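Colleague: To convert, count from 1 in the sequence shown and add 40; that's the working numbering.
Structure incoming, see below.
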Amino acid sequence: MRLLALAPDLDRAALVGNAIARQVLHGSRAPAEVFVRASPASLPAVAAVLARTASPQAPQDVSVDDPADALTARADAATAFRGLFLALGAVRCLSAASASATS
């Protein structure tokens, strides 16, 4: 199975069903997050029914996030940090070269 870029914690998680969580692990809370994997072609259809499926009594209380937005933001941040570190490295190299040229 491929790693999940959006939720790397899931790659190290042990997932159990609600019944086992209550009986064996003595869990008493409802899930706070639900991760759904779907093919890109079916994302709009899945997103349209997800809130009502997760909470039929109160679908308005369910927040459905688009993973593409989070992945895009993460990629943009990584690119910005990479550019910053390259620029800092270049400044360091230039200052080191300048210092050795003046000595």
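Every residue, glycine too, gets a C-beta built ideally from N, C-alpha and C.
Remember, it's a predicted structure, so these values are computed and weren't measured experimentally.
Need the endpoints of the alpha helix (DSSP H) that A91 sits in, please.
Modeller: L83 to A94
Colleague: My output table needs one value for P80: the three-state DSSP class, helix, strand or coil.
Modeller: helix
Colleague: In angstroms with no decimal places, state the Cα-to-Cα distance between S135 and F121.
Modeller: 21 Å
Colleague: From R62, S82, V74 and L65, pick the residue whose C-alpha is nearest to that of T93; which is it?
Modeller: Closest by alpha carbon: V74.
Colleague: Which of the three DSSP states, helix, strand or coil, is assigned to A53?
Modeller: A53 falls in the coil class under three-state DSSP.
Colleague: So, with DSSP's three-state summary, where would you put F121?
Modeller: F121 sits in a helix when the DSSP states are folded into three classes.
Colleague: State the DSSP-derived secondary structure class of G67, mapped to helix, strand or coil.
Modeller: coil
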